[in-house]
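Participant: With UniProt numbering applied, the sequence shown corresponds to residues 1 to 185, in that order.
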Amino acid sequence: RLIHDYHGSLTSRTMWLFNCSLFMLMGYAYCGCPDARFEEIGGTCYYFSEDHGDHNIKASWESARTVCKDLGTELEMTVDLVNFGIEGSCCSEGLLLRNIHGKGGTDTWLGAEDMDEDDQFHWTVSGEAVDNHDSYWGRHEPNHIQAGVRENCMSTSMYRDGEYTRMYFNDAACDIAHHYVCQVY
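(1) Please report the straight-line C-alpha distance between arginine 139 and aspartate 171, rounded to a whole angstrom.
(2) Provide the residue span of the beta strand (DSSP E) that contains glutamate 40, from first to last.
(3) Count the other C-beta atoms from every protein chain shown that fall within 10 angstroms of the C-beta of tyrosine 30, then say buried if there are 16 or more, exposed otherwise.
(4) Beta-carbon within less than 7 Å of cysteine 174's beta-carbon, same chain only, minus the 5 sequence neighbours each way: which residues are those?
(5) Just to confirm, are aspartate 80 and threonine 124 a CB contact at a threshold of 9 Å?
(6) Could you check the C-alpha separation between cysteine 68 and glutamate 39 for me, to the nearest Å?
(7) Per DSSP, what kind of secondary structure is aspartate 70 in: helix, strand or coil?
(8) Going by the DSSP bridge assignment, what does cysteine 33 pair with across the sheet?
(9) Specify the secondary structure class of isoleucine 176 as computed by DSSP and reduced to three states.
(10) Which residues does DSSP pair with serine 157 in a beta bridge?
(11) Here's a check: name, in chain order, each residue in its chain whose Cβ is nearer than 8 Å to the Cβ of threonine 165, leaving out the five neighbours to either side.
(12) With a 10 Å radius around its C-beta and 16 neighbouring C-beta atoms as the bar for buried, classify threonine 108 as buried or exposed.
(13) Per DSSP, what kind of secondary structure is glycine 127 in: helix, strand or coil?
(14) What distance in whole Å lies between the Cβ atoms of glycine 111 and glutamate 50, which are believed to be in contact at a cut-off of 8 Å?
(15) I'd like to check one pair, leucine 96 with isoleucine 41: are the Cβ atoms closer than 9 Å?
(16) What's the call for arginine 65, buried or exposed, on a 16-neighbour Cβ count within 10 Å?
(17) Under the three-state reduction of DSSP, which class applies to glutamate 62: helix, strand or coil?
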């Protein structure tokens, strides 16, 4: 008998998990992402705000996180702003940054914050501290304050030097409207 939720009805998430597990065990299929709004990169599913609406969907960090969580509620899965260092997604992190760059997103919210204002960022899903010396940080980042305004949320930014372009982590004021990326966990 299939697994049912508390009300006795089969949930879409349960069916998706059951079917994926069955087909993977039988070797017939790769299950991919649970919804066409998500893009698979390196085995992980992402939602890019640039891909929806008029391509100008931007939000504050907190509003972007709410959109991600609402997508998760709709799909009956855990969805949040993208976190780096999650087991199983490490192979896709560089690809993800290249994909953000390819979509034209220079400033894109990621799922780390320093709301305690202790100058230590933490990933929202894992709770893990982000190393302030991580090679993904941009030069002189995180600086935690710009023009007297606290920068407590993490975004991507782009460094250009002639033909060379690199995406990197940046700390930014949380109320700025940026594109964002959600991840299925």
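Yeah, the Cβ is synthetic: ideal placement off N, Cα and C, and Gly gets one too. Computed from a prediction, not measured in an experiment: that's the story for all the values here.
Facilitator: In short, the structure shows the following:
(1) Near 11 Å, if we compare the C-alpha coordinates of aspartate 171 and arginine 139.
(2) Looking at the DSSP string, the run of the beta strand (DSSP E) that includes glutamate 40 is 39 to 41.
(3) The predicted model places tyrosine 30 with a pLDDT of 49, which falls under 50 and marks its position as unreliable, so this point remains unresolved.
(4) If we look at cysteine 174 and ignore the five residues flanking it on each side, its Cβ neighbours are Ser60, Trp61, Glu62, Asn152 and Cys153.
(5) The Cβ-Cβ distance between aspartate 80 and threonine 124 falls below 9 Å.
(6) Cysteine 68 and glutamate 39: Cα-Cα distance of roughly 14 Å.
(7) Looking at aspartate 70 - three-state DSSP - the assignment turns out to be helix.
(8) Answer is none; cysteine 33 lacks a bridge partner.
(9) Isoleucine 176: coil per DSSP, three-state reduction.
(10) Secondary-structure assignment with DSSP links serine 157 through a beta bridge to Tyr168.
(11) If we look at threonine 165 and ignore the five residues flanking it on each side, its Cβ neighbours are His101, Met158 and Tyr159.
(12) So threonine 108 counts as buried.
(13) Coil.
(14) Glutamate 50 to glycine 111, Cβ: 17 Å. No contact.
(15) Yes, Cβ-Cβ distance for isoleucine 41 and leucine 96 is below 9 Å.
(16) By the neighbour-count criterion, in which a residue is buried when 16 or more other Cβ atoms sit within 10 angstroms of its Cβ, arginine 65 is buried.
(17) Collapsing the DSSP output to three states places glutamate 62 in a helix.
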